[in-house]
Amino acid sequence: MAALAALLAVLVAWWAGRLSTTPIPATAGAAGPSGAPAIAATGAPPPAAAAPASPTTPTSTADRHKSALAAAARAVALIGSPHLLSADGRAWLVRVLAAPAHRPQLRALLEREASAPSMVALRDDAERGVRYGLRTVPVALRAEQVHARQATVTVFAALYLAGSAQPATLGHGLTRVELTWTAVGWRVRTYRSSAAIGPIPAGYTPPDGGWRPANGDNLILLSEQLRELLSDSAAPDYAPS
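All the letters of the sequence shown, read from the start, carry residue numbers -15 to -1, 1 to 226 under mature numbering (1 follows the signal peptide of the UniProt record, and there is no 0).
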């Protein structure tokens, strides 16, 4: 309970750059996942992303919900990863996440995210080879509406940041993801991140109202793992799980 209380007391921030300063040691970089631009080691990709939905239209309501939730969680995890920090990374995100007709809109949203002060500071660390951390972990999901060709999903996620101008910090927030069905599965039409604090019930148990754990994870265990990321003064190395 003490550990959980400490976690809940951590300064909450979404990726809007309202953070203070603490030096973080430097380290070497490492490559990103297959097909993605290379990124620094401490900014490794988020946990293994859910596979894209089947290219055939889901045949049942349950299938539509499941595939839409997975697509939204994957999008939020990737957008809140080191791919956001470079032009090549953002171009890759646009290619793999957006429906073709909506790529210009997603590109503009990613450019705006990348211009936030906290992201600019991490980008500078990455370019200088300084150790940094950026990882977004979807914690709970809620299907607002799911139809045969369109869906809206809200993702409650934890965001871990650490860099030379950023002490290791865990924030939380909500992202509303609008999806459209394409020949290759669900793709992003647009998304909107809320600066408001998301639902943070005791132990990270999903609140009522349709929330469910992302990927079936034990949320208390997940929150403890995230808390451990904050136990070191330096940003830890990650490996996709």
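Note that CB positions come from ideal geometry on N, CA and C, so glycine has one too.
Since the model is a prediction, treat every value here as computed from it, not as a measurement.
Quick check on Arg127: buried or exposed, where buried means 16 or more other Cβ atoms within 10 Å of its Cβ? Within the sequence shown, residue 127 is the residue found at index 142, counting from 1. Classification for Arg127: buried.
So which of Thr139, Ala133, Leu63 and Gly74 has the shortest CA-CA distance to Ala125? The count along the sequence shown starts at 1 and reaches residue 125 at position 140. Nearest of Thr139, Ala133, Leu63 and Gly74 to Ala125, Cα basis: Thr139.
Proximity of Leu94 and Thr175 at Cβ, strictly below 8 Å: Working through the sequence shown from its first residue, we reach residue 94 at position 109. Working through the sequence shown from its first residue, we reach residue 175 at position 190. Yes, Cβ-Cβ distance for Leu94 and Thr175 is below 8 Å.
Between Ala53 and Ala136, how many whole angstroms is the CB-CB distance? I'm expecting something under 8 Å. Taking the sequence shown and counting its residues from 1, one reaches residue 53 at position 68. Taking the sequence shown and counting its residues from 1, one reaches residue 136 at position 151. Between Ala136 and Ala53 the Cβ distance is about 4 Å, and since that is below 8 Å, they are a contact.
For Val122 and Arg172, I'd like the C-alpha separation in whole angstroms. As a first step, residue 122 is located in the sequence shown; it is residue number 137 there, counting from the start. As a first step, residue 172 is located in the sequence shown; it is residue number 187 there, counting from the start. Near 19 Å, if we compare the C-alpha coordinates of Arg172 and Val122.
Is DSSP giving His50 helix, strand or coil here? Start at 1 with the first residue of the sequence shown, and residue 50 comes out as number 65. The answer is helix: DSSP assigns His50 an H, G or I state.
Return the CA-CA distance between Ala150 and Gly114, expressed in angstroms with no decimal places. Taking the sequence shown and counting its residues from 1, one reaches residue 150 at position 165. Taking the sequence shown and counting its residues from 1, one reaches residue 114 at position 129. When rounded, the distance between both Cα atoms is 14 Å.
Taking all protein chains shown into account, decide if Ser100 is buried (16 or more other Cβ within 10 angstroms of its Cβ) or exposed. In the sequence shown, counting from the first residue as 1, residue 100 sits at position 115. Ser100 should be labelled exposed.
Roughly how far, in whole angstroms, is the beta-carbon of Ala56 from the beta-carbon of Leu155, given that I think they are within contact range, below 8 Å? Position 71 of the sequence shown, counted from the first residue, corresponds to residue 56. Position 170 of the sequence shown, counted from the first residue, corresponds to residue 155. Rounded, the Cβ-Cβ distance is 25 Å, inconsistent with contact.
Report the three-state DSSP secondary structure of Ala58 (helix, strand or coil). Reading the sequence shown from its first residue, position 73 is the one you call residue 58. In the three-state reduction of the DSSP assignment, Ala58 falls in the helix class, which pools H, G and I.
Helix, strand or coil at Ala(-11) [DSSP, three-state]: Taking the sequence shown and counting its residues from 1, one reaches residue -11 at position 5. With a pLDDT of 35 at Ala(-11), under the threshold of 50, the modelled position of that residue is not reliable, and the figure given next carries that caveat. DSSP places Ala(-11) in helix when its eight states are reduced to three.
Counted within 10 angstroms of its Cβ, other Cβ atoms place His132 as buried (16 or more) or exposed: Reading the sequence shown from its first residue, position 147 is the one you call residue 132. With fewer than 16 Cβ atoms within 10 Å of its Cβ, His132 is classed as exposed.
Could you tell me which of Leu69, Ala153 and Val162 sits nearest to Arg116, measuring between CA atoms? For the purposes of this step, residue 116 is taken as the residue at position 131 of the sequence shown. Comparing Cα-Cα distances from Arg116 to each of Leu69, Ala153 and Val162, the minimum goes to Ala153.
According to DSSP, is Ala143 helix, strand or coil? Locating residue 143 in the sequence shown gives position 158, counting from the first residue. DSSP places Ala143 in the strand class (E or B) of the three-state scheme.
Pairwise C-alpha distance: Met104 and Arg59: What you label residue 59 is simply residue 74 of the sequence shown in a count that begins at 1. What you label residue 104 is simply residue 119 of the sequence shown in a count that begins at 1. Distance between the alpha carbons of Arg59 and Met104 is about 20 Å.
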